[in-house]
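Report on the structure given below.
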Amino acid sequence: MTDHDEILIALRRITRAIDLQSKKLMKTTGLTAPQLVIMQTLRREGMMSPSAIAKTVSLSQATITSILDRLVKRDYVLRERSGTDKRIILAGLTDKGLAAAAAAPELLQSGFLREFRKLQHWEGSM
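Residue numbers for the sequence shown follow the working numbering, beginning at 55 and rising by one.
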């Protein structure tokens, strides 16, 4: 087996793990992985503009707006105007959103990063 075959197999395994974790997350919490990533970001950072959220989580602002719309409908997120600049709308978690974010299982990437950081430098490079 060539190096590129091994890389493709590893990528397929990663993709499969992400898919399985996403289905489990949806079944247990009713949230998609991107929704939970946004909620965890708001939980950690507090009130943020959609553009700041987009930069933090590496998604487009249009995607963030769409996800925020769904989270607002479920009463997980609220939107309010900035106190310093009325043109800016900030998003933040409601009490229900805070509880849901706190109770949600760890995201796959968080677990991966935690374990990856335990590796010796040479192991991570491999």
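We treat Cβ as the ideally placed atom computed from N, Cα and C, and that holds for glycine.
Whose CA, out of the options, lies closest to the CA of residue i?
i      : options                           : result
Ile107 : Met80, His58, Ser136 and Leu144   : Leu144
Thr138 : Arg97, Leu74, Ser103 and Gln174   : Ser103
Arg98  : Trp176, Gln174, Leu147 and His175 : Leu147
Val131 : Gln115, Ser114 and Met93          : Met93
Asp184 : Ser105, Asp149 and Gln115         : Nothing can be reported for residue 184: it is not among the residues displayed for the chain, which extend from 55 to 180.
Could you spell out where the alpha helix (DSSP H) holding residue i opens and where it closes?
i      : result
Ile143 : First-last for Ile143: Ile143 to Leu147, but that is the beta strand (DSSP E), not the alpha helix (DSSP H).
Leu16  : Residue numbering for the chain in the displayed model covers 55 to 180; residue 16 lies beyond these limits and cannot be assessed.
Glu134 : Where Glu134 is concerned, there is no enclosing alpha helix (DSSP H), although the beta strand (DSSP E) it sits in stretches over Val131 to Arg135.
Leu65  : Asp57 to Thr83
Gln174 : Premise fails: Gln174 is in no alpha helix (DSSP H) and is neither H nor E.
Ser112 : Element bounds for Ser112: n/a, residue is neither H nor E.
Compute the beta-carbon to beta-carbon distance between residue i and residue j, rounded to the nearest angstrom, for a pair I have assumed lies under 8 Å.
i      : j      : result
Val111 : Val91  : 5 Å
Leu79  : Pro159 : 7 Å
Taking 8 Å as the threshold, find out whether the region 108-121 comes into contact with the region 81-91 through three or more Cβ pairs. Flag = yes, the region 108-121 and the region 81-91 touch.
Using 8 Å as the cut-off, can you tell me whether the region 147-158 makes contact with the region 57-74, which would need three or more C-beta pairs spanning the two stretches below that distance? The region 147-158 makes no contact with the region 57-74: fewer than 3 CB pairs, one atom from each, lie closer than 8 Å.
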